[in-house]
Amino acid sequence: MNSKKAVFHISLVLSLLLISLGVFAPKQLETFSNSSLNFIYNNLGWFILGSTFIFFVFCMYIGISKFGHIRLGDDDDRPEYKTATWIAMLFSASIGISLVFWGVAEPVSYYIDPPFGQANSEQSAKLAMQTVYLHWGVSAWACYAVVGVSLAFFQFRKKLPSSLSSVFYPLVGDKIYGAFGKFINIIVILSIVIGIATSLGFGTLQVNSGMHYLWGTPVSFYAQVAIIAITTILYLSSSVSGLQAGIKHLSNLNMLLAFALLGFMLILGPTQSILKIFLQGIGDYVQNFVGMSFRLEPYNAEQGKWIGSWTLFYFGWWIAWAPLVGSFVARISKGRTIKEFMMGAVFIPVIGGFLWFAVMGGSALDLIQNHGKTAIAEAVSSDVTSALFKFFDFFPMSTFLSILAMVLVIIFFITSADSAIFVLGMISENGNPNPASFTKIIWGVVIAAVSAVLIVTGGLQGLQSALVATSIPLAILMLFMCYSTYKGLKGELIHTSKTSNKPISNTTSSKKQAL
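First residue of the sequence shown? That's 148 in the numbering used here, and the numbers climb one at a time after it.
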């Protein structure tokens, strides 16, 4: 086997083998995955929460310390993308599709089934928004930022390959070019394939649900395969056209549509209540951030189970998605200082996410609690994919709003897949920052096929659980990543204080001198 293509071939075969479990043994996979998750929740939940908090502290430290002035690139490099476009690309490649999916459903879920206290009450409404902000707040984005800033530093400042194995150079040296580096890259590829396939699968289900709700389109395998086929053609076209012509323009379009939908809902909905919910939610979140971030409820089994099903699942999911999102964020962040990176990759997206949940989820809670529109809660309980469309029924122009939401899901679908196959291409080609179209097409077809067969066999849930189970080894890698990056940044300050910045060459001596 050609050693230069070993990562591509091995990861492709392993991806297909792993997915075959979801095809031929979906029940067994789900049982095994759920058992693994339960073990993690019961025995390693403390590690997930502790690691996530460490990632946040690490990001804040390098952002506000003397490291914050280090540029992710040469000293004279400047950002490739305008800040607004950059942030739009962050959203589109990461949580955009999930925001649309869960914007209404998650706050309502917590309202009718809170971790503690009385359900369907003022207390549960307040707690619902506070908990949503925890799950989608700085903890999530810090996971992405750890990977993103680490890879961007070594990729653009130290001129190492665009693969996550490069981040470990200060710890293992030239071994990143050997079996160790290939092993790390294969693990990352597997987590990306599983993550994007399951996410796109659930996105397909929501689009099909919206079509059924609006036009009576059957919720069927044929409809879902058609949705996947059409979106696959679109995201492959976008991917082949490159970052500048593809993801960049689609991300900008996405943000315009998202702001349009938010604007409509802010005007049509209970505007004063939304603004109050938004601000109070931020206050409650900031006030209780540390306590919520470490909350495991060891003295209450029922509440502890709730924490496992939601908080630990979410934090594990963010860790599992960090290699994908972080690698893409790194690729588009050349020229920014670490301080700029942390502000844009952690805090600004969080405010945008909080506003989305306040407008969508806050309006839904207001309709349920103050106007008796319990049909929204019933939709969340019976079919979470239809909750958003049932919510729109209580507003003027409901059909238009539903269509706009589906268009958003589809474009987020395209940009998420596009960014995923771009990252897969980079890693598969040993860190090539501009992977070949053929490689991206191969991964794009694999992801589409995986999503389709998992929908048919019912293996989505099992594979999703399997992905979250990988958060433990990935969290360990990310902790070492923090240490390695700190070591690299410290060495950079020492090096630049003595001489001008020099690229890393392929010689071991020059690498050791620079790092």
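We treat Cβ as the ideally placed atom computed from N, Cα and C, and that holds for glycine. Just so we're clear, the structure is a prediction, and the values are computed from it rather than from any experiment.
So, with DSSP's three-state summary, where would you put residue i?
i: Thr546; result: helix
i: Thr484; result: strand
i: Leu163; result: helix
i: Arg218; result: strand
i: Thr345; result: helix
i: Leu471; result: helix
i: Asn399; result: helix
i: Pro620; result: helix
i: Tyr228; result: coil
i: Thr379; result: helix
i: Val556; result: helix
i: Ser268; result: coil
i: Val531; result: helix
i: Gly389; result: coil
i: Tyr446; result: coil
i: Leu426; result: helix
i: Val437; result: helix
i: Ser212; result: coil
i: Lys322; result: helix
i: Glu576; result: coil
i: Ser241; result: coil
i: Lys520; result: coil
i: Thr364; result: coil
i: Val314; result: helix
i: Ile479; result: coil
i: Asp223; result: coil
Here's a check: name, in chain order, each residue in its chain whose Cβ is nearer than 6 Å to the Cβ of residue i, leaving out the five neighbours to either side.
i: Leu404; result: Leu555
i: Met553; result: Val354, Gly357
i: Gly451; result: Glu444
i: Val600; result: Val170
i: Ile375; result: Thr351, Ala595, Ser598, Ala599
i: Met628; result: Ser297, Val314
I'd like the list of long-range same chain contacts for residue i, defined as Cβ closer than 7 Å, with 5 residues on each side in sequence excluded.
i: Tyr461; result: His282
i: Thr379; result: Gly591, Ala595
i: Ala492; result: Leu237, Trp288, Tyr291, Ala292, Gly295, Val476
i: Asn399; result: Thr232, Ala235
i: Thr643; result: none
i: Asp260; result: Ala266
i: Tyr339; result: The sequence given here places Ile at residue 339; Tyr does not occur at that position. Once the five neighbours on either side are set aside, the close Cβ partners of Ile339 are Pro470, Leu471, Ala567, Val570, Leu571.
i: Tyr432; result: Gln277, Tyr280, Leu281, Gly284
I'd like to check one pair, residue j with residue i: are the Cβ atoms closer than 8 Å?
i: Gly284; j: Ala467; result: no
i: Leu337; j: Leu165; result: yes
i: Gly210; j: Ile485; result: yes
i: Ala511; j: Phe538; result: yes
i: Val251; j: Gly410; result: no
i: Val160; j: Ile574; result: no
i: Thr345; j: Gln611; result: yes
i: Tyr360; j: Ser529; result: no
i: Pro470; j: Val603; result: no
i: Met276; j: Gly428; result: yes
i: Ile195; j: Leu459; result: yes
i: Ser158; j: Ile333; result: yes
i: Ser312; j: Ile331; result: yes
i: Leu408; j: Leu246; result: no
i: Pro580; j: Arg478; result: yes
i: Leu514; j: Phe547; result: no
Relative to the C-alpha of residue i, which candidate in the options has its C-alpha closest?
i: Asn447; options: Gly250, Thr199, Phe263; result: Phe263
i: His396; options: Ser182, Tyr228, Leu601; result: Tyr228
i: Leu535; options: Ile498, Pro261, Ser566, Asn355; result: Asn355
i: Thr199; options: Ser549, Lys452, Ile523, Arg442; result: Arg442
i: Phe585; options: Gln277, Gly389, Pro254, Leu311; result: Gly389
i: Gly222; options: Trp465, Lys481, Met490; result: Reading off the sequence shown, one finds Asp at residue 222, where the question assumed Gly. Ranking the options by Cα distance to Asp222, first place goes to Lys481.
i: Leu168; options: Asn267, Ser180, Pro226; result: Ser180
i: Val615; options: Ser162, Thr178, Ser183, Pro543; result: Ser183
i: Val255; options: Ser241, Lys273, Ser245; result: Lys273
i: Tyr691; options: Phe248, Asn189, Ser271; result: Residue numbering for the chain in the displayed model covers 148 to 662; residue 691 lies beyond these limits and cannot be assessed.
i: Tyr188; options: Ser286, Pro365, Gly455; result: Gly455
i: Val506; options: Leu422, Gly215, Val531; result: Leu422
i: Glu487; options: Asn435, Pro543, Pro173, Ser212; result: Ser212
With a CB to CB cut of under 8 Å and the five nearest residues on each side skipped, what residues in its chain are close to residue i?
i: Asn401; result: Ala235, Phe238, Ser239, Gly243, Leu555, Ile558, Phe559, Thr562
i: Lys587; result: Leu383, Ser386, Val387, Ile568, Phe569, Leu571, Gly572
i: Ser631; result: Ser297, Val314, Phe315, Tyr316, Pro317, Leu318
i: Ile217; result: Phe300, Arg304, Thr484, Ile485, Leu636, Glu639, Leu640
i: Asp224; result: Arg218, Phe303, Lys481, Gly482
* **At least three beta-carbon pairs within less than 8 Å, the segment 382–389 to the segment 577–593** => yes
* Three or more C-beta pairs closer than 8 Å, one from the segment 502–509 and one from the segment 314–334: is that the case here? -> no
* On the three-pair Cβ rule with 8 Å, is the segment 194–211 touching the segment 355–375? -> no
* **Three CB pairs or more closer than 8 Å across the segment 629–645 and the segment 412–431** => A contact is defined here as three or more CB-CB pairs under 8 Å, and the segment 629–645 fails this definition with respect to the segment 412–431.
* Do three or more CB pairs link the segment 514–522 to the segment 302–316 at distances below 8 Å? -> Counting Cβ pairs under 8 Å, fewer than three are found: no touch.
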